[in-house]
Structures are given as structure tokens and as C-alpha cells.
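Peer 1: Please see the structure below; I have some questions.
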Amino acid sequence: MYKYNDFDEAFVRERVAQFSAQVARRIDGSLTEEEFRPLRLMNGLYLQLHAYMLRVAIPYGTLNSGQMDQLAHIAETYDRGYGHFTTRQNIQYNWPKLPDVPAILTDLADVEMHAIQTSGNTIRNVTADHFAGAAADEVADPRPVAELVRQWSTDHPEFQFLPRKFKIAVSGAKADRAVIKAHDIGLYLREQDGEIGAQIIVGGGLGRTPMVGKVLKDFVSLADLLPYLEATVSVWNLLGRRDNKYKARIKITVHEHGIEDIRARVEARFAQVKPLFGGIDMAMLEEIKAAFAPPAFVEAATEAYDRAYATDAVFRAWADTNLSAHRAPGYAIATVSIKTPGQTPGDASADQMRVLAQLARDYGHDELRISHEQNVILPHVHKSDLPAIHAALKEAGLAAANIGLVSDIIACPGMDYCALATARSIPVAQGIATRFDELKLEHEIGPLKIKISGCINACGHHHVGHIGILGLDRAGVENYQITLGGDGTEDMVIGERTGPGFAYDEIIPAIERILATYLELREAPEETFLEAYRRLGMAPFKDALYPPKEEKANAA
Amino acid sequence: MPRPFTPKAITANALLEGDVIYLDDQGQWVRDLRQARAFTEAEVADAALAEAAKDGMVVGAYLTDIKLGENGPEPTHFREEFRRTGPSNYFHGKQEAEAHV
């Protein structure tokens, strides 16, 4: 893993000192809220519905056991004993008090973490494939590039007052697990003629105006990558609309100017900025790469795993859903579900965080990952250790065997916490997960991604859920719109709206009707919900959701 | 034609704790909506809000619609219902504080 150098350490400490002084000046009245607000946002501190919220970056979703232990310590010392993992690989604390925030930031700095640029109109926390460095289908580890981008974008003088926020994600695998095409810039690392470079995707985004990212350039060598990114953000920084915040994101700029025009401007700007880099970026990348060298994988027998798999049905169910193929023989990637049916998606207690940290120390080469799907990953575990890991997870209430199934739901905090929300999302997720757990239909239904947002800003990625749910305020009542057929992978599709929305107490029955229709109409159990939807189209699901007119008339 | 004025309360978040507060009859900030002052005249409400907004220890003061219940002001919108209660997934926030009284 990357270790802070003296520069990083000094920078983060200085920021903590600056913000501590700003908090003190706010409390003694020297700063007004108007003056303080942009300063606190630069440091990840929001004021939400019931309390402050601190958003802490987990760069490209990677952390070690010491960092996870510290997150647990913060949750217990300054908050309500838990943290919320988000769809952007951050952790949010929902109950900090303003005078405690400097101490929290100091505790974070002690383990090389911070909350810088997790808010505001800056380049945000760089996200990456949560299986980075472990996945069997990987071309290149995205984390060195993500770390390089983090260093370049942190406190970048040209990009501190952008037209709007800017999100970058990196994937180095064949399968896109990082929703690359829904980012302002997405990078797919590729190999071309023996050289690693990146395909640059630009102008993706969800929110009010969902757009699938477009290819800006098919291949940019790593040597040209930072200058190319700088050129792209620079072009948007000048062109992007500052008159209307709903039209300020780069997706609108690309849409309004056309990809060809943007490409020509980026190329022209690239020619100007490229000579300014002088190769220092590549020297830095080499150093960073060394920090991400793979751990020393061991060769060992997998009998313990084979025995447990053959004899323990609960373990087998967990292994079937929660393990993914690892690049090293005898190893697996274990996804720990933070979605036990009935629990809040993405919330882990301090005790659970400590269990995860201990498992990483004992069995996982000290590595943990946070996925945008709000789960925690042990990326490098030898199969022979999996029975012990599973037993420990069971004890901690973390052994749900539901990855990629109905109850593995993404949900934003919604109106239970968020000041922007128009409806709740968490109880809808809890209700759906609990209902299908009772029905024991989860494994029968198979792979399914349900994603819930509590407002149009789409932090819950509802547009790219196979089933998406959007909570709105309709005339003072919570109302939930459903979209179907969304897909967040490399073949990204924005889901299509079914029709009028459903009341809070109607939304779970509506999801049940959709899935009953799928079970009835699928050609075989192997045909997934998404495949069936693509074959059948919207019509049968619409019929199930909205009774035909004559029935309505009769009922009336 | 301007819409008729409906009863309002003044609410904000406390600077230090960040929690939801309401202005009462004495001009003090309180934690319980039922103790909030009910404004029935637009001019009085606007003037009180302008004054309240000057308080450096509160953030984001605004007028919120209320209806007058038996025990004092009650919210008319679900957002304000959550603000005066707390989140629905945990027994945290105001609902918890109230249980400890």
C-alpha cells in the first residue's frame, strides 16, 4: 500500500492545523457561517438534517487494518459507534459535533487519512475497482494510477474552484466494477502493443440528467496521462457553465459542445501543458507502483476449504455468493456483506470494523477494500483460511450470503440524514431485504441489483440499477419512481421509468410484483432478471405494476 | 394575489451540536418544536427571523410551516417531522433525547 512521504504528512498536518484554527474562529464568532461554509466543505464537513456529517476519503477504496481500527475508534469516541460506507468509497460519520472535528481530523492524520476534497467544487476522492490488485481479469492494477491522480488533484491550484464537483474513477480489469461510465472522467487501463495506457471516458454522470460517458480518446499512454487529464479539466474549467449549477457538470459541457469539439480543445490544451510536466510524473508513478507490489502469496493446500465446502451448507452458500476469482492460485477475494437483511446498507459498527481489521491482519495481508456497492472486501485470502474467516464473520453478524442478490441493495442515506433528500431510502432498502428474506426467494431470483436514491442527485445510482428506485416529494408525500433495465457495467444503460410512482407503503409490494413477473416469465433459472427484461421489454412489468384501465373502472 | 399567511415557527441548527432547534416565546432556542413560538403574522415572523439569523451560534435559520396542535406547534411536512424526531433506522437524535427525559 502507498505510504505517506514527508510531503504528504506535512501537507495533511498543515491542513488539520488550518482547519482547527478556522473552527476556533467560527466558534468565537470571528468567522460568519457564510465565510466558514466553503472552508468546512473543503474539509468534508457538512451540516445535515440532524447533525454535522464528516465525509472521510478512503482513496480508491483501499485501507489497512490500522486505518480500519482508527475508523472504529473515531466512531466510538466522537460519534454513535458506527460509520456509513458510501457509494464513492468514503466513510461518513453522521453525528460529530463541531468542536470535536479537529480532534477527529488529527486522529485520521495519525493513520494517513483525511477528509480533504470530499466535498466542494473540486476533484473528489478518486475511486477504483474494489478488486484492484486481486482480480483474475485484471490487465493492470488501477491503484498506482489512482494514487497519482490523487496527488495531482489534491490542492491543485487551478482546480480549487471548478464550475462544479468532479469525479474520477479508474478500472484496470475487463469487467467494469467501478461504474466508470458514470463519472466525469473514467479511465479504463488497457494494454496496447505491450504498453499500458488508458482509454479516457468523459462526460458520464447520473443525477438530474443521466448520461453515459463517451470515449474522449481511445488510448493515452501513462506518460501522457496526467497532462491529458489536466488538459481535459482545464478545458471544462473555462467552458463549464457557472450560470446554472444544474448545467455545470462536464457531461452538459460535452453534450452542448459535442465530443469532437471538446476533443479538439483538449488536444490543443494538451500540446500546451505536456511540456510543463517534464517526466516528474512518471518518476512519481514508478515510486507509487513499488508501494503497490503484490503481497507474498503463499502456496498451500486448500483441503480445509474443500472439506468445509463439502460438509457445511451455510459455508457453501456464503462461498458461492461472496467469493470471486483471484489472480493467485489457491486464493480468493472475499466480499463481506454490510447488507444483512434488515440492517442499514453500508453501516458497520465499531466492533464490526475491528473484526474486519483483525481478519485482514490474521488472514488478508493486512488489506481491506470498500466497494461502491457499500460492502467491505478482504482482497487476498488463502482458501484454506476461509472457514475460519466465515466463522468469525458469523459471530460478528457479517456473514450474510447475499452479494449480488436482492438484499445487496445500494441505498443513499436519504431523508433519514441528508439535507438534500426528498424522501427516505434506508427504510425502503430494509423493507425489501427483509421481505425477500422472509419469502426465501433470494437465491431463486438470482443476480439482481437494486439501487435506491432519496433524491434526484442519484447518490444511490438508481439509474443504473436493474431495478432503480427514486424517492421524491410529491405534494408533501414520499413517492417512489421505479426504473428498470439499468446497467452500471462497461455496457452502461440508463434504466427506463415504469410510469407513475408509488407511495411509501406501496413500493415494496410493487417490487414484489416485478419480481413475481420475472419468475413467471423467465425462460430458465439461468436467465437473469436483466436478461429477461431485455428480452421481454417493459410491457409485462408495466402490466403487473399498473392494473389495466377496465379493472380500475370496475374497482371504482 | 399573495397566498394567505399560514402559521410558522423559526427553526435552525445549533452551531456546536448541529442539532435542530426552534425559537421560543422568550427569544431562546429550544430543542422541542412543541415549545416553539407560533407566528401568525407575516411581518412579525419576518422581523423575528431577521433578528434570529443574526445569532452567531445558530446556522441556517428559516421559517417553517406548522399547524397548531393540542400540545403546541406540529409539523405539516414529513421533512420537518423527521427533523423533530430523528432518523427512522436507529433510535438516535431527538426521539432518543426525549426518551431520556
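First to last, the protein sequences are chains A and B.
Using this note's numbering, you'd call the opening residue of the first sequence number 1 and step up by one each time.
Using this note's numbering, you'd call the opening residue of the second sequence number 1001 and step up by one each time.
Virtual Cβ for every residue (Gly too), placed ideally from N, Cα, C.
Predicted model, so just to flag it, every value in this text is computed and none were measured.
Does the beta carbon of residue 1019 of chain B sit closer than 8 Å to a beta carbon anywhere in chain A?
Peer 2: Against the second sequence, residue 1019 of chain B aligns to sequence position 19. Output row for residue 1019 of chain B: interface = yes.
Peer 1: Look at the alpha carbon of residue 556 of chain A and the alpha carbon of residue 540 of chain A, and state the distance between them as a whole number of angstroms.
Peer 2: Numbered from 1 along the first sequence, position 556 holds the residue referred to as residue 556 of chain A. Numbered from 1 along the first sequence, position 540 holds the residue referred to as residue 540 of chain A. Residue confidence for residue 556 of chain A is low, a pLDDT of 45 falling below 50, so the modelled location carries little weight; the figure read from the coordinates is stated next. Answer to the nearest angstrom: the Cα atoms are 23 Å apart.
Peer 1: Please list the residues of the region 396-428 of chain A that have a C-beta atom closer than 7 Å to any C-beta atom in chain B, keeping them in chain order.
Peer 2: Result list: 415, 416, 417, 424, 426, 427.
Peer 1: In the DSSP assignment, the alpha helix (DSSP H) including residue 518 of chain A goes from what residue to what residue?
Peer 2: Against the first sequence, residue 518 of chain A aligns to sequence position 518. 507-521 is the extent of the alpha helix (DSSP H) around residue 518 of chain A.
Peer 1: Between residue 210 of chain A and residue 479 of chain A, what straight-line distance do the alpha-carbon atoms span, to the nearest angstrom?
Peer 2: Here residue 210 of chain A refers to the residue found at position 210 when the first sequence is read from its first residue. Here residue 479 of chain A refers to the residue found at position 479 when the first sequence is read from its first residue. Distance between the alpha carbons of residue 210 of chain A and residue 479 of chain A is about 20 Å.
Peer 1: Relative to the alpha-carbon of residue 511 of chain A, which residue among A/70, A/429, A/3, A/369 has its alpha-carbon at the smallest distance?
Peer 2: Start at 1 with the first residue of the first sequence, and residue 511 of chain A comes out as number 511. It is A/429.
Peer 1: How about residue 411 of chain A and residue 345 of chain A: are their beta carbons less than 8 Å apart?
Peer 2: Numbered from its first residue, the first sequence carries residue 411 of chain A at position 411. Numbered from its first residue, the first sequence carries residue 345 of chain A at position 345. A contact, by the Cβ cut-off of 8 Å.
Peer 1: Let's see if you can read the secondary structure: which residues bound the alpha helix (DSSP H) around residue 268 of chain A?
Peer 2: By 1-based counting over the first sequence, the position of residue 268 of chain A is 268. Note, residue 268 of chain A: alpha helix (DSSP H), 259-277.
Peer 1: The region 24-58 of chain A: which residues have C-beta closer than 8 Å to a C-beta of chain B, in chain order?
Peer 2: Cβ contacts with chain B come from 26, 27, 29, 32, 33, 47, 48, 49, 50, 51, 52.
Peer 1: Taking Cβ positions only, does residue 102 of chain A come closer than 8 Å to chain B?
Peer 2: Within the first sequence, the letter at position 102 stands for residue 102 of chain A. Not an interface residue.
Peer 1: By the three-class DSSP mapping on this structure, what secondary structure does residue 182 of chain A have?
Peer 2: Within the first sequence, residue 182 of chain A is the residue found at index 182, counting from 1. It is helical.
Peer 1: Residues of the region 85-113 of chain A with a CB closer than 9 Å to any CB of chain B: list them in chain order, please.
Peer 2: Within the region 85-113 of chain A, the qualifying residues are 94, 95, 96, 97, 98, 99.
Peer 1: Curious, which full-length beta strand (DSSP E) runs of at least 3 residues does the region 182-231 of chain A contain?
Peer 2: For the region 182-231 of chain A, whole beta strand (DSSP E) runs of length 3 or above, ordered along the chain, are 185-192, 195-202, 214-221.
Peer 1: Measure the Cβ-Cβ separation of residue 125 of chain A and residue 368 of chain A and say whether it is below 8 Å.
Peer 2: Counting from one through the first sequence, the residue named residue 125 of chain A turns up at place 125. Counting from one through the first sequence, the residue named residue 368 of chain A turns up at place 368. Cβ atoms of residue 125 of chain A and residue 368 of chain A: not closer than 8 Å.
Peer 1: Spatial neighbours of residue 1030 of chain B within its chain, please: CB distance less than 6 Å, with the 5 preceding and 5 following residues excluded, ordered by chain position.
Peer 2: Residue numbering aside, residue 1030 of chain B sits at position 30 when the second sequence is read from its first letter. Excluding residues within five positions, the ones whose Cβ falls inside 6 Å are 1022, 1024.
Peer 1: In chain B, what lies closer than 8 Å to residue 120 of chain A by C-beta?
Peer 2: Numbered from 1 along the first sequence, position 120 holds the residue referred to as residue 120 of chain A. Per Cβ cutoff of 8 Å: no residues; residue 120 of chain A is ~17 Å from chain B at best.
Peer 1: Once you ignore the five residues that flank residue 424 of chain A on each side, which residues in its own chain have a CB closer than 8 Å to its CB?
Peer 2: Here residue 424 of chain A refers to the residue found at position 424 of the first sequence. Closer than 8 Å at Cβ, skipping near neighbours: 414, 415, 416, 454, 471, 478, 504.
Peer 1: Check whether chain B comes within 8 Å of residue 20 of chain A, counting only Cβ atoms and requiring the distance to be less than that.
Peer 2: On the first sequence, position 20 is the one that residue 20 of chain A refers to. Closer than 8 Å: no.
Peer 1: Using only CA atoms, which one of A/515, A/516, A/394, A/450 lies nearest to residue 315 of chain A?
Peer 2: Locating residue 315 of chain A in the first sequence gives position 315, where the first residue counts as 1. For the residues A/515, A/516, A/394, A/450, the minimum Cα distance to residue 315 of chain A belongs to A/394.
Peer 1: Please decide whether residue 1083 of chain B counts as near chain A, where near means a Cβ-Cβ distance under 8 Å.
Peer 2: Stepping through the second sequence from its first residue, residue 1083 of chain B is reached at position 83. Yes, residue 1083 of chain B lies at the interface with chain A (some Cβ there is under 8 Å from its Cβ).
Peer 1: Less than 8 Å between CB atoms is the rule here; does residue 1087 of chain B satisfy it with respect to chain A?
Peer 2: The sequence position of residue 1087 of chain B within the second sequence is 87, counting from 1. True, the Cβ-Cβ gap to chain A drops below 8 Å.
Peer 1: Would you mind stating whether residue 378 of chain A and residue 406 of chain A have Cβ atoms separated by less than 8 Å?
Peer 2: Indexing the first sequence from 1 puts residue 378 of chain A at position 378. Indexing the first sequence from 1 puts residue 406 of chain A at position 406. Cβ atoms of residue 378 of chain A and residue 406 of chain A: not closer than 8 Å.
Peer 1: Tell me whether residue 414 of chain A sits in a helix, a strand or coil according to DSSP, three-state version.
Peer 2: On the first sequence, position 414 is the one that residue 414 of chain A refers to. If DSSP states are grouped into helix, strand and coil, residue 414 of chain A belongs with the helices.
Peer 1: Could you please give the first and the last residue of the uninterrupted alpha helix (DSSP H) stretch that includes residue 371 of chain A?
Peer 2: Here residue 371 of chain A refers to the residue found at position 371 when the first sequence is read from its first residue. Residue 371 of chain A -> no alpha helix (DSSP H), and no H or E assigned at all.
Peer 1: Please name the residue, chosen from A/55, A/178, A/85, that lies closest to residue 120 of chain A on a Cα-to-Cα basis.
Peer 2: For the purposes of this step, residue 120 of chain A is identified with residue 120 of the first sequence, where counting begins at 1. The shortest C-alpha separation from residue 120 of chain A is found at A/55.
Peer 1: Determine the closest residue to residue 1070 of chain B out of B/1042, B/1033, B/1080, B/1062, with distance taken between C-alpha atoms.
Peer 2: Position 70 of the second sequence, counted from the first residue, corresponds to residue 1070 of chain B. For residue 1070 of chain B, the nearest C-alpha among the options comes from B/1033.
Peer 1: Under 8 Å between C-beta atoms, does residue 1059 of chain B make it to chain A?
Peer 2: Working through the second sequence from its first residue, we reach residue 1059 of chain B at position 59. Judged by the 8 Å Cβ criterion, residue 1059 of chain B is in contact with chain A.
Peer 1: Residues bridged to residue 1018 of chain B by DSSP?
Peer 2: Here residue 1018 of chain B refers to the residue found at position 18 of the second sequence. In the DSSP output, where bridge partners are listed per residue, residue 1018 of chain B has none listed.
Peer 1: Since I believe residue 179 of chain A is in contact with residue 372 of chain A (beta carbons under 8 Å), could you give me their beta-carbon distance rounded to a whole number of angstroms?
Peer 2: Reading the first sequence from its first residue, position 372 is the one you call residue 372 of chain A. Reading the first sequence from its first residue, position 179 is the one you call residue 179 of chain A. That pair is a contact at about 6 Å.
Peer 1: Residue 1056 of chain B versus chain A: which residues are under 7 Å apart at the beta carbon?
Peer 2: The residue you call residue 1056 of chain B lines up with position 56 of the second sequence. Ordered by position in chain A, the residues that pass the 7 Å Cβ test against residue 1056 of chain B are 29.
Peer 1: Please report whether the beta-carbon of residue 1093 of chain B lies at a distance below 8 Å from any beta-carbon of chain A.
Peer 2: Here residue 1093 of chain B refers to the residue found at position 93 when the second sequence is read from its first residue. Taking Cβ atoms only, chain A reaches closer than 8 Å to residue 1093 of chain B, which makes this a yes.
Peer 1: Using 8 Å as the threshold, is the C-beta distance between residue 83 of chain A and residue 268 of chain A below it?
Peer 2: The count along the first sequence starts at 1 and reaches residue 83 of chain A at position 83. The count along the first sequence starts at 1 and reaches residue 268 of chain A at position 268. No; because the gap between Cβ atoms is not below 8 Å, this pair is not in contact.
Peer 1: Would you say residue 1013 of chain B faces chain A, with C-beta separation under 8 Å as the test?
Peer 2: Within the second sequence, numbered from 1, the residue matching residue 1013 of chain B stands at position 13. It does: the Cβ of residue 1013 of chain B has a partner Cβ on chain A nearer than 8 Å.
Peer 1: By DSSP, does residue 472 of chain A sit in helix, in strand, or in coil?
Peer 2: On the first sequence, position 472 is the one that residue 472 of chain A refers to. Reduced to three states, the DSSP call for residue 472 of chain A is strand.
Peer 1: What residues are listed by DSSP as bridge partners for residue 1029 of chain B?
Peer 2: The sequence position of residue 1029 of chain B within the second sequence is 29, counting from 1. B/1023.
Peer 1: Residues of chain A with a CB under 7 Å from the CB of residue 1079 of chain B: which are they?
Peer 2: Residue mapping note: residue 1079 of chain B aligns to position 79 of the second sequence, counting from 1. Correct list: 415.
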